[in-house]
Each structure stands twice: as C-alpha cells, then as structure tokens.
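Chemist: Protein chains in written order, with this note's numbering: chain A, 1 to 96; chain B, 1001 to 1308.
Take this structure, written in structure tokens, and hold onto it; I'll ask about it next.
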Amino acid sequence: MTTPSEFTWRDLEPGVIISDAGNSREYKTGDWRSARPVVDKANCIKCGVCYLFCPDIAITQAADGTFEADLYYCKGCGICEQECYTGCITMVDEEE
Amino acid sequence: MEPLNIYASRLVNKQEYFTPGHKACQGCAEALAVRLVAKALGPNTVVASATGCMEVVSSAYPHTSWGVPWIHVAFENAAAVASGVEAGFKALVRKGKIPDQKTTILGMGGDGATADIGFQALSGALERGHDFVYVCYDNEAYMNTGIQRSSSTPYGASTTTSPAGKVKPGQLTWKKNMAAIAVAHEIPYVATACASYPMDLIEKVEKAAAMEGPAYVHILSVCPTGWRIPTKKAIWIGRLAVETGVFPLFEVVNGRYKLSFDQELRPVKEYLKPQGRFRHLTDEMIDTIQKRTNSDFEKLRIKAGAKT
Chain A
1 MTTPSEFTWR
11 DLEPGVIISD
21 AGNSREYKTG
31 DWRSARPVVD
41 KANCIKCGVC
51 YLFCPDIAIT
61 QAADGTFEAD
71 LYYCKGCGIC
81 EQECYTGCIT
91 MVDEEE
Chain B
1001 MEPLNIYASR
1011 LVNKQEYFTP
1021 GHKACQGCAE
1031 ALAVRLVAKA
1041 LGPNTVVASA
1051 TGCMEVVSSA
1061 YPHTSWGVPW
1071 IHVAFENAAA
1081 VASGVEAGFK
1091 ALVRKGKIPD
1101 QKTTILGMGG
1111 DGATADIGFQ
1121 ALSGALERGH
1131 DFVYVCYDNE
1141 AYMNTGIQRS
1151 SSTPYGASTT
1161 TSPAGKVKPG
1171 QLTWKKNMAA
1181 IAVAHEIPYV
1191 ATACASYPMD
1201 LIEKVEKAAA
1211 MEGPAYVHIL
1221 SVCPTGWRIP
1231 TKKAIWIGRL
1241 AVETGVFPLF
1251 EVVNGRYKLS
1261 FDQELRPVKE
1271 YLKPQGRFRH
1281 LTDEMIDTIQ
1291 KRTNSDFEKL
1301 RIKAGAKT
C-alpha cells in the first residue's frame, strides 16, 4: 500500500475498505519501548508462556526452540518478565 | 478448570488472526483477549466491532490488524450488525450463492458498548436467536476516551467522572451483572473468562462458536492505564480478580451453571490494594466489598448446585 502522503481521496476504495488483511505488520510499535526483554537462553525451558501472554504478538520461537522478542513490535510492557516460570527474562532499560 | 501443565502454551494454534503492529497501550490485556478470541475462532470468521479501544487500536487507516473480515460499526449496533450479517449469510447459502463454510459471526464491544450503549441491540439479537457469538471485553470503564465510568465500573473505583475526593469515595454503584442478564435471555451458552487464563478462554470461545444459536462470553480485560497498575502486572491482577472472587469464572450451558474456578477465595484486599483506582478505599469500604463478593460467590455456588 502507498504511504498516505502519496494518495488522495480519489485513491480510496469504496467504503474506505482496507483490502490488505493484517497490514499493520508494517507499523513499527517497537519505538514506544523504554525497556527491552533479554532472554537468558540457558534457563529457558521452551514452554512458550511468554509467547501466549504477549499482547503485542512480539514473541517468536527461534530455531533452537527458545523464545525471543521481536523488537520491531515489542512495546516493553514487561508481562513476559512477570509471567516467565523460570525468571529467565529480564527487562533492560533502553539507553540510546 | 483443570490444572494445566506448564507446557500447555505449546498446544495453542500458532496462527494469528489479530496481527502485531496494533496500537494498544503497553501491557493491554484487552488486546491479548482479542488475540486469543481471534485465535480460537480461526479464519472462517466475520467480526462486527463496536466503537471502543479495540476499534481504535486495530484500524487506524491505512492499517488494519485484522486477518479476518472486520466491520466497524457505531457504538450501539454491533449486535444488530452481527445479526444482519448472520441473516445475510443464511440467505446466500440457501440460494446457493456461497458454499456453507460454517462461518462464525462475532459481535464484539467493550463494556460501554455492551452494558450501556449497545445494550438494547444486544438484547434484541439474543432474543431473536441469531446464530452468533457476542464477546464483551470488559475493562470496567470507557478507557478509550479517558477512563469515564460505565455501568460496569465496580463499586469504589475512582474514574475521571466518578473521582474519589472528600465528598464521594469514587463509584457508588455496583457493577452491572451482564452475564446474568444474558442468562436471563435463556440463550444456549453464556460464559465469563479472563485473559489471565488463556486456555480456559480459548476453550470457552470455541464452545460458544460451536453452539447453535446465540452465545455470550464476558471477558475481564485488565487495563493497566485505567486501573493504575504497572503494565507488567496486567496478567497477574486478572488472576487475582478470579482468585479473590471479584470476577468469578463460570459457564452456563442451556441454563445450567458450572463454576470454572471453585476454590477457597483469597481476601479481596489483595486484589484492591495494588490498584491505583482503589487506593483511597477505607477499611470499611473494603469490608463492604468483601461481604458483597462473598455473598455473590455463594449465590453462584448455589446456582451451580452446591449443597447449602
């Protein structure tokens, strides 16, 4: 989809339908974050509770079965740190 | 609710129909609830969504967070539009214009759109017996417009239109019992759920979709912004709401109550104290809430067939 600056009302679909399903994937919510989750992979038991409780659907499973946050979407709420059974996730302040 | 193995999360369908990049606040348990409901219903779903947080965060033009057909309608008529969609599907299938794919029609709204503004449309749709699922995401106030009280706001909560001060201690009325009102329509399925118990929520929504006729699911959705709690505590506080009996989990199948969570209740103080919206409560008010919670839970136990 073209960016809003390039199109006018003439380009809107009838009923202002968005025909591209789930295109909010393009939208970066990661820059809202003030702390990011860091996973201690040695203690991760690969249960996936962080994946299940993530409201931003930012947690994905890596090839080795452990879970990590996709920082493009992660808003840094800290639910994964709170809910992790083994405490292997810590929130680290973003400093840049 | 059965005790689950800690690896239960792995059993969940990995496909997402509510996609990342939505604009909900940090730690929004309502967005989590929507995600789980969308997961439970799968791809053959049409959603009619009332105005509210979930409309605003998921459909800021030119983006949509929905992977299934989604209609935004006004505050008051989500249930009416859902019933229209259901009737339309039925007619098209009967005329042979589309194949019968067992499409689930989902009407959804917040507590304001369900208990206040969309109430008569919902009541009408339940009474007419359309085959659809209505899900209420209850965050206990109009959070989208800035935490105004709704009829679903609990007693004692401080909101911007029921502020706690020297004269009044926050909200003075009790939370409207929407689940009981839905049960009074004698529909096949009513349930309450909470995103802090995701497997239970998914199971209930799947059951609701499988039922012939209308089904109503009331989901407590913790709002860290409006409840004044740290974002990371959102799931934890939802669990406390259930464990203290403030928000009992149950299901009603064809009028028969069944408690999903029936254990010794924890004191409500544990649930009220961490929340900023209840910080002004005096011991007497907490006592009042405790008594009311106990008696409500006892009534539920009796309805579910406990011996008195």
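Even for Gly, the Cβ is constructed at its ideal location relative to N, Cα and C.
Here's a check: name, in chain order, each residue in its chain whose Cβ is nearer than 6 Å to the Cβ of residue 1211(B), leaving out the five neighbours to either side.
Modeler: 1188, 1189
Chemist: Strictly under 8 Å for the Cβ-Cβ distance: is residue 1228(B) near chain A by that measure?
Modeler: By this cut-off, residue 1228(B) is not an interface position.
Chemist: Please identify the residue among 1061(B), 1122(B), 1276(B) whose C-alpha is closest to the C-alpha of residue 7(A).
Modeler: Taking only the C-alpha atoms, the option nearest residue 7(A) is 1061(B).
Chemist: Return the chain-ordered list of same chain residues with a C-beta closer than 6 Å to the C-beta of residue 41(A), the five sequence neighbours on each side being excluded.
Modeler: 66
Chemist: Between which two residues does the beta strand (DSSP E) holding residue 1108(B) run?
Modeler: 1104-1110
Chemist: How about residue 1063(B) and residue 23(A): do their beta carbons lie closer than 8 Å?
Modeler: yes
Chemist: Given a threshold of 16 other Cβ atoms within 10 Å of its Cβ, counted over all protein chains shown, does residue 1091(B) qualify as buried or as exposed?
Modeler: exposed
Chemist: Please tell me whether residue 1021(B) has its Cβ less than 8 Å away from any Cβ of chain A.
Modeler: yes
Chemist: Alpha carbon to alpha carbon, how far is residue 1083(B) from residue 1157(B)?
Modeler: 34 Å
Chemist: Can you list, in chain order, the stretches of the beta strand (DSSP E) that have 3 or more residues and sit fully within the segment 1187-1256 of chain B?
Modeler: 1189-1194, 1215-1220, 1250-1253
Chemist: Would a check of beta-carbon distances place residue 89(A) closer than 8 Å to chain B?
Modeler: no
Chemist: Just to check my reading of the structure: residue 1078(B) and residue 1221(B) have Cβ atoms closer than 8 Å, yes? What is that Cβ distance to the nearest angstrom?
Modeler: That belief does not hold up - the Cβ atoms of residue 1078(B) and residue 1221(B) are roughly 16 Å apart, past 8 Å.
Chemist: Nearest by alpha-carbon distance to residue 1252(B): which of 1038(B), 1014(B), 1179(B), 1165(B) is it?
Modeler: Answer by Cα proximity: 1179(B).
Chemist: Assign residue 1282(B) to one of two classes, buried (16 or more other C-beta atoms within 10 Å of its C-beta) or exposed (fewer than that).
Modeler: exposed
Chemist: Residue 1025(B) to residue 56(A), Cα distance in whole Å?
Modeler: 9 Å
Chemist: Would residue 66(A) count as contacting chain B if we go by Cβ distances under 8 Å?
Modeler: The Cβ of residue 66(A) sits no closer than 8 Å to any Cβ of chain B.
Chemist: So, residue 1266(B) versus residue 1243(B), is the Cβ gap smaller than 8 Å?
Modeler: Taking 8 Å as the Cβ cut-off, residue 1266(B) and residue 1243(B) qualify as a contacting pair.
Chemist: Since residue 1135(B) contacts residue 1217(B) with CB under 8 Å, what's their CB separation in whole angstroms?
Modeler: 5 Å
Chemist: What would DSSP say about residue 93(A), mapped onto helix, strand or coil?
Modeler: strand
Chemist: Could you tell me if residue 1098(B) is buried or exposed, where buried requires 16 or more neighbouring beta carbons within 10 angstroms of its beta carbon?
Modeler: exposed
Chemist: Measuring alpha carbon to alpha carbon, tell me which residue in 93(A), 85(A), 60(A) is nearest residue 1006(B).
Modeler: 85(A)
Chemist: Less than 8 Å between the beta carbons of residue 52(A) and residue 1037(B), yes or no?
Modeler: no
Chemist: Below 8 Å CB to CB, which residues in the same chain sit around residue 1163(B) once its five sequence neighbours on both sides are set aside?
Modeler: 1170
Chemist: Counting only the same chain and skipping the five closest in sequence on each side, list residues whose C-beta sits under 7 Å from that of residue 1181(B).
Modeler: none
Chemist: CA-CA distance, residue 1074(B) and residue 1176(B)?
Modeler: 22 Å
Chemist: If you check the beta carbons only, do residue 83(A) and residue 1235(B) fall under 8 Å apart?
Modeler: A distance below 8 Å separates the beta carbons of residue 83(A) and residue 1235(B).
Chemist: Check whether the segment 1106-1121 of chain B and the segment 1141-1152 of chain B touch, using three or more Cβ-Cβ pairs below 8 Å as the test.
Modeler: yes
Chemist: Looking only at C-alpha atoms, which of 1304(B), 1246(B), 1273(B), 1200(B) sits nearest to residue 1254(B)?
Modeler: Distance check between residue 1254(B) and each of 1304(B), 1246(B), 1273(B), 1200(B) places 1304(B) closest, using alpha-carbon atoms only.
Chemist: Among 1241(B), 1106(B), 1155(B), which residue has its Cα nearest to the Cα of residue 1048(B)?
Modeler: 1106(B)
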